[in-house]
Amino acid sequence: MRLTICRLFALAAFAAAPTLAQAAAPAPAVPAKNASPMEAARKALDEVGDMNYQNKSLNEVIADLKDKSKLTVIIDPIVYQFGFNPNMPNVTVNLKQVKLKDGLRKALAPFNLKCGLTREGLYISTEEGLTSKQLRQHVSLDCDGTAFDTAAKQLAADTGANLVIDPRLGDKAKKTVTLKLDDVPLETAVRLLAEVADLGTVRMSNVLFVTTAERAEKLRPNADGPTQPGNNAVIPFPFGQDGNPPVPGIIGPPGIGIAPVAPGGVFVPGPPVAVPPVAAPAPDKKNEDPKPEPAPEKKP
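Last residue of the sequence shown: number 301 in the numbering used here, and the count goes up by one each step with no gaps.
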């Protein structure tokens, strides 16, 4: 009888084993939400590794960058207008365990070029060209009782632009706004959104800073004005035949004149150098007929 009871208990335990095992097994993890394209791009550029390029062209560096990050890379066409040749072997970088974005910035630095994310991909241009590209991306907005900080942060997340909300605003940043905009530059959208929330916006280089209207007014004299349509960027030095920047003080492209050189190897295109008019040659007096002398005046 005792043996039968033990056998029955063993059979019951064996039958319950799968249920116990299932209860002990960890629950499957909840799948992570898909990252937005901008978040995925930022993560790709933050990957750490070695960057070793010896006498490579910028196109070769960009091709390697595309392969590693799977990002679209765009070079602003304006940099080609001054003789820059991305096929010339003029990039040498040897960096250990560096973020991909930091290595690219190091490679671009000798050419006075910058890189930054936009919705189109990683954009390479001059500093002013990149700022204009990022802040003048066209966006649409449809807010109906949305908290200001929520709407503003979403715009920044979607475009890659640098938008900073003053942490001293507190609850003022959470004021609800109702605004609908269609196909307007990002900078315009942020300024109007801030205006509806009774806040102010100033631009400092490539950063849009949102604060109180009073603080914005105080900052405005030392801030940058709104970006303008078109690319008014400072252009890097025109590049020589070997693709490298020439010695400062060279004569600029045709129609530009002598380039006024600024610190850091950058010149600002100026008006053509004025050439003084050549004076007409004096007439040859040897072949001229002598003029008759005036008759002497008669004295009374």
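Idealized CB from N, CA, C, for every residue including glycine.
Since the model is a prediction, treat every value here as computed from it, not as a measurement.
About 6 angstroms separates the beta carbons of I75 and G122, which is inside the 8 angstroms limit, making them a contact pair.
Classified as buried, M52 has 16 or more neighbouring CB atoms from the shown chains inside 10 Å of its CB.
The beta carbon of P227 sits closer than 7 angstroms to those of E188 and R204, all from its chain and outside the five residues before and after it, given in chain order. Counted as a single uninterrupted DSSP element, the alpha helix (DSSP H) harbouring S70 occupies residues L59 to S70.
DSSP places D47 outside any beta strand (DSSP E), giving it a letter other than H or E. Straight-line measurement puts the Cα of N56 at about 50 angstroms from the Cα of D143. Of the candidates D184, A224, D150 and S206, D150 places its Cα closest to the Cα of D199. With three or more CB-CB distances shorter than 8 angstroms, the segment 179-188 counts as touching the segment 146-164. Inter-residue distance for L46 and V99 is about 10 angstroms (C-alpha atoms, whole angstroms). Here DSSP, grouped into helix, strand and coil, assigns A148 to strand. For D103, the uninterrupted alpha helix (DSSP H) run begins and ends at L101 to L109, by DSSP.
Rounded to the nearest angstrom, the Cβ distance from N113 to P87 is 14 angstroms, too far for a contact under 8 angstroms. For K181, the pairing in a beta bridge is given by DSSP as D143.
For K219, the enclosing alpha helix (DSSP H) starts and ends at A214 to L220. When C-alpha distances from T160 are compared across N91, D68, T213 and Y124, the shortest belongs to Y124. At the C-beta level, V211 and T202 come within 8 angstroms of one another. The beta carbons of V62 and A108 sit about 6 angstroms from each other, so the pair counts as a contact at 8 angstroms.
Excluding five sequence positions before and after T179, the CB atoms of its chain that fall closer than 7 angstroms to its own CB belong to C144, D145 and G146, given in chain order. In summary, N91 is buried, with 16 or more beta-carbon neighbours lying within 10 Å of its beta-carbon over all protein chains present. With respect to the C-alpha of V49, the residue from A214, D103, T119 and N223 having the closest C-alpha is D103. Boundaries of the beta strand (DSSP E) harbouring G122: G122 to S126, taken from the DSSP string.
Around the C-beta of Q138, 16 or more other C-beta atoms lie within 10 Å, and the residue is accordingly described as buried. Take the alpha-carbon of L101 and the one of L66: they are about 8 angstroms apart.
Counting the other Cβ atoms within 10 Å of the Cβ of R169 gives fewer than 16, which makes it exposed.
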